[in-house]
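Have a look at the structure below before the remarks.
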Amino acid sequence: MSTTQPITDWTIDRLGDLTGKRYLITGGNSGVGYEVAAHLRRANADVFLGCRSTTKGAAAAATLGRIPSVGGVEMIELDLASVESIHGANDAIRTLTDGLDGVVNNAGIMQTPQQKTAEGFELQFGTNHLGHFLLNHLTFDLVTARSGRIVPVSSIAHRSAPGINFDDPMFTDDYSPSKTYSQSKLANLMYGVELARRLDAAGSAVICASAHPGYSATNLQSTGPTGLFRIIYKVTNRLMAQDPALGALPEVLAVAGDEARNGAYYGPTRFGESRGPVGEAHISDAARNPAAAARLWTLSEDLLGITWQIA
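Okay, so the sequence shown: first residue is 166 according to my numbering, each after it adds one.
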């Protein structure tokens, strides 16, 4: 059941029993994604970990399997920078379940040098946004089968992007690791707001609630950034970042909390939303722009060669 009352201080003890429910978490082998899976498993859910590295994914699944729970754990190979891998993951999921109660779009990369996905998309936009857009499209019938939820995961950094660079969304002519990352996170939130809008219009029982983890100490700050950024993050991770188990709470609320509502955006609420009690997060004006969001949806369909009608 959802509510229109604003959430100001959501804690994990408000999560109900999830026996029989099934959730897919991308990037579930480490950091915030792992902690989302751990929280859900403690509540007795079945969890599927979408992982690029099968070695790390298997290790994470084994560790999660030691948490007392009636739910199961499965690892699915998933590289969001490869359309072929996303289709393969979709096929694999269907051998394990006929429905999903939620998909958490947790996986992401940050401030990488200029690189491309297997299909030639800019790596950050391609992985963070397009990869999840395709995954959600392919698995939408599984989510619909259980009246489940889709959770796009954005970032405080979305506020730094003035809008989507529709003339050059891949920043081929003026690449900046930070600008491109911020655009990808804006795209995540714009997509979440637009998907929620389309679900409402279609009268769907599926919910799309977005979330962000604040500033959580994870591998995100060490595997993507280079040079000065990497040095800075080594310091700020120790002094300013919160534990990923806390950063996972907004995503858990969005995907499994009784209080979550369609179109909402959850995150920490203090220190510029970097940490603190979990509640309603700030959505930038750019992310609220319905015309731009509809244009992003169409661009995403065109780039991926798909049509996604919400009915």
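All C-beta atoms in this analysis are idealised placements derived from N, C-alpha and C, irrespective of residue type, glycine included.
Because the structure is a prediction, the values reported are computed rather than measured.
Inset, instruction - List the DSSP bridge partners of Pro-317. - result: According to DSSP, Pro-317 bridges with Asn-270.
Inset, instruction - Report the rounded CA-to-CA distance for Asp-182 versus Ser-341, giving the unit in angstroms. - result: 44 Å
Inset, instruction - For Asp-450, name the three-state secondary structure that DSSP assigns. - result: Three-state result, Asp-450: helix.
Inset, instruction - Look at the Cβ atom of Ser-343, then the Cβ atom of His-323, and state whether they are nearer than 8 Å. - result: no
Legend entry - Spatial neighbours of Thr-472 in its chain, beta-carbon cut-off 8 Å, leaving aside the 5 residues before and after: Hits under 8 Å: Glu-466.
Legend entry - Distance, Ser-449 Cα to Val-238 Cα: 36 Å
Inset, instruction - Please list the segments of the alpha helix (DSSP H) lying wholly inside the segment 173–201, counting only runs of 4 or more residues, in order along the chain. - result: none
Inset, instruction - Compute the distance between the beta-carbons of Ile-215 and Ile-241, then report whether it is under 8 Å. - result: First, the residue type needs correcting, since residue 215 is Gly and not Ile in the sequence shown. For Gly-215 and Ile-241, yes; Cβs fall inside 8 Å.
Legend entry - Contact under 8 Å by Cβ, Arg-440 with Gly-379: Contact: yes.
Inset, instruction - Using alpha carbons as the reference points, say which of Thr-173, Leu-189, His-447 lies closest to Ala-421. - result: Leu-189
Legend entry - Nearest to Val-316 (by Cα), restricted to the options Glu-284, Gly-291, Ala-413, Asp-256: Ala-413
Inset, instruction - Throw me the rounded Cβ distance for the Ala-374 and Tyr-431 pair, which I believe falls under 8 Å. - result: 7 Å
Legend entry - Distance between Asp-408 and Leu-307 (C-alpha atoms, nearest Å): 32 Å
Inset, instruction - Could you tell me whether the segment 256–272 touches the segment 299–313, where touching means 3 or more Cβ pairs closer than 8 Å? - result: yes
Legend entry - Cβ neighbours of Arg-179 in the same chain (closer than 6 Å, five flanking residues each side left out): none
Legend entry - Alpha-carbon to alpha-carbon, Asp-333 and Pro-233: Distance from the CA atom of Pro-233 to the CA atom of Asp-333, rounded to whole angstroms, is 49 Å.
Legend entry - Neighbourhood of Gly-192 by C-beta, 6 Å cutoff - its chain only, sequence neighbours within 5 removed: Gly-198, Asn-271, Ala-272
Inset, instruction - Reducing DSSP to helix, strand and coil, say where Met-275 ends up. - result: Residue state for Met-275 is assigned as coil, using DSSP reduced to three classes.
Inset, instruction - Give the range of the beta strand (DSSP E) segment to which Thr-434 is assigned. - result: It spans 430–435 - the beta strand (DSSP E) in which Thr-434 sits, taken as one unbroken run.
Legend entry - Contact check, Ile-258 vs Phe-305, beta carbons under 8 Å: No, these two residues do not count as a Cβ contact at 8 Å.
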